[in-house]
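See below for the structure under consideration.
Residue numbers (the numbering used here): 1 to 543.
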């Protein structure tokens, strides 16, 4: 745990004294908290620069600066805006989130007006993004034209943040400005614009979403399908069926849901059935109300789709259009781009407590690691040849099986299965004898901690700090299965709220579905939130 920086402590005391002196006439002359902030920030920034590549020292300096920024929350002054914006020059996500928190907390006009002035002249991209994020979070009422001007920024991140701020502004003309971003050269801006227009239920999204159904970037297609599911129109039905005829993998259920919302029918992934039904109906078809569709679907019983064997229930038997799903710990997905993440920290060597839940599994032992290895190996055995997959094991370090996704060929499945079955818990109870005589290195205790954050970032394809490659959302994987038994104990972030925030931020553009599986003693709320916040399913295997 990081200790408080002495200067930060002094600064917080000064702010508290300012508040006290305002209520007690006999107190010392009131200090200026903004002036004090400027003074101490200079020292904190020197500490940050001094840290250099030392991650621990850099992290401590970032925490200090963030908490100092947050101490200005509640001060209604335009001076606060000018005081804290220079902290964004350090380009640290934690500092940026602190700045956004302060900038989105204003209740009076002067600081909000100052933000508008800054956005009109500022060139520094992170500063502009932070200002726009504050407008989005607070839903400040201002001229939409001021936000729309930033749609012409050279930075796609600024353009994207402008779209989001406009969508939250409540401005009547916001959709007319946002729709121009549907033609943006940057895919992330295009799909953010479609997401925004769909949330606003604007029919302006329709031609762009229909066109984007064939986009080569799967995240763009995902937003297009979602938009057409939320903003229904007769002209979307035929394009959705055409997309279902060629789409493979995770997006097929989304297309099926969009079609069901239009037609009130349930044909699962059977494109031929949808086509036949629509061809007999389309002449003169009038779109039903959403309420009528809901009533129709209630009468159809459970939705069609993949059965327990992963095959289409209502399919015609044509293998070209059957969806063969992947099932892992009772979570079924049609994805064909998957990463499995398995915890091999020391606690995975512990025995399960609720043995009755596992007695029929034919496992080598009742150790958590043996149960999880066996189930993963069985899942790998069942993968269809069109699936691409990879595996990550993690404790303190994260170790991938392969550098990238590979085809589920017989040879690759056999190699993956062997790799999984050779995994061992690092630094577990079996190493206690070594640890007791001081051989902690040989016992692997340092290497057997739980680096949850590192494993999640690796699965999402987020480069490590200092890596030469640029961060990108254009990842190949669209589904992650994350299995762990422990509480985060090491890594850049250990606090679960911090991990949730960072995963959500990293996954906002990637749109990867994150399923979580827990076994043993774990933080249930954390694992459940990880799945829910990232479109996944949480499974509790038991203690």
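Glycine residues also receive a C-beta, built at the ideal position from the N, C-alpha and C atoms.
Check the Cα spacing between residue 329 and each of 349, 361, 353, 336: the tightest is with 361. For the pair residue 99 and residue 88, the CB atoms are nearer than the 8 Å cut-off. Judged by DSSP secondary structure, residue 539 falls within the beta strand (DSSP E) whose first and last residues are 538-540.
A straight line joining the alpha-carbon of residue 380 with that of residue 105 spans about 50 Å.
Runs of the alpha helix (DSSP H) spanning 4 or more residues and lying entirely within the segment 123-175 occur at 125-138, 144-148, 156-168, in chain order. Contact annotation: residue 212 and residue 224 have beta-carbon atoms nearer than 8 Å. Taking C-beta atoms as the reference points, residue 115 and residue 134 count as a pair closer than 8 Å. Residue state for residue 379 is assigned as helix, using DSSP reduced to three classes. Burial of residue 140 is indicated by the presence of at least 16 other C-beta atoms within 10 angstroms of its C-beta.
Looking only at 247, 240, 374, 156, the smallest Cα-Cα distance to residue 509 is reached by 156. Three or more Cβ pairs closer than 8 Å define a contact, and the segment 387-407 meets that threshold against the segment 417-426. CA-to-CA, the gap between residue 503 and residue 169 works out to about 26 Å. In the DSSP assignment, residue 392 falls within the beta strand (DSSP E) that extends over 388-394.
Rounded to the nearest whole angstrom, the CA to CA distance from residue 385 to residue 187 is 30 Å. Residue 483 is positioned such that its CB atom lies closer than 8 Å to that of residue 342. Counting the other Cβ atoms within 10 Å of the Cβ of residue 48 gives 16 or more, which makes it buried. Under the 8 Å Cβ criterion, the segment 484-497 counts as touching the segment 516-524, having at least three qualifying pairs.
Beta bridge pairing from DSSP links residue 514 with 480. When the beta-carbon positions are compared, residue 254 and residue 226 come within less than 8 Å of each other. Residue 223: member of the alpha helix (DSSP H) spanning 218-230, first to last residue. The closest CA to that of residue 408, considering only 488, 335, 220, 128, is found on 335. Here residue 491 is near residue 452, since their CB atoms are less than 8 Å apart. For residue 56 and residue 493, the gap between their C-alpha atoms comes out near 11 Å.
Here the C-alpha atom of residue 241 lies approximately 29 Å from the C-alpha atom of residue 382. With fewer than 16 other Cβ atoms from the protein chains shown falling within 10 Å of its own Cβ, residue 281 counts as exposed. Rounded to whole angstroms, residue 333 and residue 388 show a C-alpha spacing of 13 Å. Only exposed fits residue 285, as fewer than 16 other CB atoms lie within 10 angstroms of its CB. Approximately 21 Å separates the beta-carbon atoms of residue 458 and residue 539; this is outside 8 Å, ruling out the contact.
Leaving aside the five residues that flank residue 206 on each side, the residues in its chain whose CB is nearer than 6 Å to its CB run, in chain order, 233.
Taking every protein chain shown into account, the CB of residue 54 has fewer than 16 other CB atoms within 10 angstroms, so this residue is exposed. About 5 Å separates the CB atoms of residue 368 and residue 348; that is less than 8 Å, so the two are in contact.
The C-beta distance from residue 543 to residue 353 rounds to 4 Å, short enough to meet the 8 Å contact threshold.
In the three-state DSSP reduction, residue 399 falls in the strand class (E or B).
Counted as a single uninterrupted DSSP element, the beta strand (DSSP E) harbouring residue 342 occupies residues 337-343. Taking 8 Å as the cut-off, the Cβ atoms of residue 220 and residue 190 count as close. For the set 171, 151, 162, 154, the Cα lying nearest the Cα of residue 142 is the one of 171.
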